[in-house]
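Just so you know, the protein sequences line up as chains G and P, in that order. Be aware that the first sequence starts at 1, since it is given in our numbering, and climbs by one per residue. Be aware that the second sequence starts at 284, since it is given in our numbering, and climbs by one per residue. Notes follow the structure.
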Amino acid sequence: MKNNGNLINASTARTIAAHAVLITYTLIALFPVVVILINSFKTRKAIFKSPLSLPNSESFSLVGYETVVKQGDFLLYFQNSLVVTVVSLTLVLLFGAMAAFALSEYRFKGNLLVGLYLALGIMIPIRLGTVSILQMMVATDLVNTLTALILVYTAQGLPLAIFILSEFMQGISDDLKNAGRIDGLSEYRIFGRLVLPLIRPAMATVAVFTMIPIWNDLWFPLILAPAEETKTVTLGAQVFIGQFVTNWNAVLSSLSLAIVPVLVLYVIFSRQLIKGITAGAVK
Amino acid sequence: MGSLALKDIHKSFGTVEVLKGIDLEVEDGELIIFVGPSGCGKSTLLRIIAGLEDETSGTVAIDDDTVNGQSPTERGIAMVFQTYALYPHLTVRDNMSLGLKQAKRPAAEIKSRVDLATSMLSLGDYLDRRPAELSGGQRQRVAIGRAIVRKPKLFLFDEPLSNLDAALRVNTRLEIARLHRELEATMVYVTHDQVEAMTLGDRIVVLNDGYIEQVGSPMELYKKPANKFVAGFIGSPRMNFIDSRLLGNTGSTTTGIRPEHISLSLSQGDLKGTVSHVERLGGDTNVYLNCSEAGLVSVRLFGEHDYEVDSTCFAVFDQSRVFQFDQEGKTIV
Ligand SMILES: Nc1ncnc2c1ncn2[C@@H]1O[C@H](COP(=O)(O)OP(=O)(O)OP(=O)(O)O)[C@@H](O)[C@H]1O
Ligand SMILES: [Mg+2]
């Protein structure tokens, strides 16, 4: 009896400790986001006077959001960001999964070499190639198009996607794929109907890891597509940061707005993630 | 329809030769068993028959048509795997009908075939469940059902029962025997299990190290093993092998006698030994005799017997059941 009580105490203590750590981490992670959010609803003076206080009737102001809506074509910027992110993400997931399937499923000469070559990109940042990328884009007349960004981001996301997905695909039993072959499924069908549904959680993970850097990137939009009609949100927000004066209200508001679409995408993917995890657990 | 002929099948993985010339004819409607030690190439041979693996050389013929290079579907085979290999994200019904849908069969036909398989295997209550919601035995029945609905010329089973517990194994074994009778289908069945091999098979193929050691009906293999390997592999507990010199037999190297063909005597016999262990199984009693130079000799007695450990006993051989093997292990007739 006593022993039992001790056990329960020990496990509750451990639960509390685990939650304390997680909550602390959550607070630290959320802090900058919250600061941006609350300050985006305050007057400029209030932002500087007490950056940590919540907006009250005196300091509340929507001036930042008004500026954002008035100045520049933010709806267009959003659309650009969304198009670039969603299309690149789709391409990364599609090609990444296909390459991973080929690498993990088929024994062919140079399999290992191709795998290494494809994974090399994880270690070498794509920005090192900016100059040549720009030259290529100029040569192919793709400067100031969303296509340029999509191509670059797809290349940037593929190595990690292939690496993670092929690890997962190796875990799928050969018998299952052979059962599909006996049922007359083509290799494409086996990929699409058997393998993809089974690695959905891995796909969601890859999607999240791929999506965030694309959405947040400032470098390539600035270099490859700075034109007004191809600006992304992060680039668009830069107009408010001047060399001498920075319109903090507008910067904070545009950043707050920029969080929303990624948040939506994240919720979609993370639901897939959890679905995948629990599906595995009941098995 | 459903005969199978293998001619001089060789298979190498890289430099390792796994199958070293397999010739075999399986008649229509036969249930043939592949047995052999782990790693001898049973699964590889089955996968070559299925078309999941390419042979290095040799021909596979189904119904007298050479099928080398054809896909599993073109060959008209169905396979049941040890790991069930059900599609985890599909219901039992979809698991069974996927192959037919893929072949673009009319919906009514799919339904009637699935219904037939369902009633044969009493799976009616589970049609809308997913594999994760089934027990091991039910899963294996679904896997068998998936094979049945395809109406294959040839069923291939790769150790279908080895993931099941003992009681379920007996049930499913009976089920497969019944299916074989009802469907009159040709079946190739790989197993490790003595009992499965002896009870299910019309004929047994004993494989060892990439070669066929012997092909024959279960009783043929039991009564007339071609060599020491087959003699030792078929029968449980396994045959005792004793150095012929110790028994005064000239003209053979090794003498073999099955545990069930030895009786025990307290006064005299062919070999003297001390009882080292007694296993009481109820119906049978296994006695292990330590016969100094001849080593451990197992004796299987019917009924219940009491023998003291460390007491002295004599093993009496049923001379009509003694096998003699030459230096290469071949049986001397
Ligand atoms: N894809 C492969 N690549 C290389 N070697 C392989 C491959 N598949 C099987 N082998 C080898 O071929 C031999 C035969 O394998 P196989 O799976 O046919 O054995 P088995 O008789 O089915 O054994 P078990 O009873 O343990 O299932 C083994 O030595 C195995 O290591
Ligand atoms: Mg095997």
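Ideal Cβ positions, reconstructed from N, Cα and C, are used throughout, including at glycine. The structure presented is a predicted model; accordingly, all values stated were derived computationally and were not measured.
### Task
Please report the residue range of the alpha helix (DSSP H) in which P:T537 lies.
Where P:T537 is concerned, there is no enclosing alpha helix (DSSP H), although the beta strand (DSSP E) it sits in stretches over 537-540.
Helix, strand or coil for P:R413 per DSSP? coil
Assuming P:V605 contacts P:T537 (C-beta within less than 8 Å), just tell me the rounded distance between them.
The Cβ separation is near 11 Å, so there is no contact.
Next item on the list: Give a yes or no on whether the C-beta atoms belonging to G:T289 and G:P221 are separated by under 7 Å.
Entry: The requested residue 289 of chain G does not occur in the structure, where chain G is confined to residues 1 to 283.
In chain order, what are the residue ranges of uninterrupted alpha helix (DSSP H) at least 4 long that sit wholly in the segment 192-216 of chain G?
200-216
- Task: List the residues of chain G whose Cβ lies closer than 7 Å to the Cβ of P:G382, in chain order.
- Result: D183, G184
*Tell me whether P:G565 sits in a helix, a strand or coil according to DSSP, three-state version.*
coil
So with CB distances below 7 Å, who are the chain G contacts of P:Q385?
D183, G184, L185
Return the residues of the segment 148-176 of chain G that lie within a Cβ-Cβ distance of less than 7 Å from chain P, sorted by chain order.
S173, D175, L176
Can you pull the chain G residues whose beta carbon is under 9 Å from the beta carbon of P:I360, in chain order?
-> I182
Worksheet item: Are the C-beta atoms of G:A202 and some chain P residue less than 7 Å apart?
Response: no
Inset, instruction - Report buried or exposed for G:D217, applying the criterion of at least 16 other Cβ atoms within 10 angstroms of its Cβ. - result: buried
| request: Look at the alpha carbon of P:Q365 and the alpha carbon of G:P226, and state the distance between them as a whole number of angstroms. | output: 59 Å
I'd like to confirm the pairing. Which residues does DSSP put opposite P:F440 in its beta bridges? P:V363, P:Y472
query: Going by the C-beta, is P:F296 closer than 6 Å to any heavy atom of ligand 1?
result: yes
Q.
I'd like the list of long-range same chain contacts for G:G280, defined as Cβ closer than 6 Å, with 5 residues on each side in sequence excluded.
A. Its pLDDT being 46, under 50, G:G280 is placed unreliably in this model, and the coordinates cannot settle the point.
Taking all protein chains shown into account, do 16 or more other C-beta atoms lie within 10 angstroms of the C-beta of G:L52, making it buried, or fewer, making it exposed? exposed
**Prompt:** Cβ atoms of G:N39 and G:I47: under 7 Å apart, would you say?
**Reply:** yes
- request: Kindly indicate the opening and closing residues of the alpha helix (DSSP H) around G:S88.
  value: 74-105
Review point. Got a sec: which bits of the segment 103-135 of chain G sit with their beta carbon under 9 Å from any beta carbon on chain P, in order along the chain?
Key: none
Requested in this report: Look up P:S340 in the DSSP assignment and say whether it is helix, strand or coil.
Outcome: strand
CB contact check: P:L335 to chain G, cutoff 7 Å
yes
Does any heavy atom of ligand 1 sit closer than 6 Å to the C-beta of P:V301?
-> yes
Practice item. Would you tell me roughly how many angstroms separate the C-alpha atoms of G:Q170 and G:S104, rounded to the nearest one? Key: 6 Å
**Report entry** Interface flag, G:P197 vs chain P, CB-CB below 7 Å
**Finding:** yes
Kindly confirm or deny that the segment 550-564 of chain P and the segment 589-599 of chain P touch, where touching means at least three C-beta pairs closer than 8 Å. yes
* Short Cβ contact (7 Å threshold) for P:L490 with P:G319 -> yes
**Asked** When every heavy atom of ligand 1 is checked, does at least one fall within less than 6 Å of the C-beta of P:G322?
**Response** yes
- Task: For P:K325, verify whether its CB is less than 6 Å away from any heavy atom of ligand 1.
- Result: yes
Contact between the segment 106-123 of chain G and the segment 160-167 of chain G: three or more CB pairs below 8 Å? yes
Inset, instruction - Answer yes or no: do P:Y409 and P:V363 have a C-beta to C-beta separation smaller than 7 Å? - result: no
- Query: Do you know whose CA, among P:R424, P:S286, P:G304, lies nearest P:G249's CA?
  - Reply: Given a span of 284 to 616 for chain P in the structure shown, any question on residue 249 of chain P remains unanswerable.
Mind checking if G:A285 is an interface residue toward chain P, Cβ cutoff 7 Å exclusive?
Chain G is shown only over 1 to 283; residue 285 of chain G falls outside these bounds and no answer can be derived.
- Query: Of the residues G:A155, G:L257, G:V208, G:L75, which one's Cα is nearest the Cα of G:V267?
  - Reply: G:V208
Check your understanding: Does DSSP classify P:H588 as helix, strand or coil?
Key -> coil
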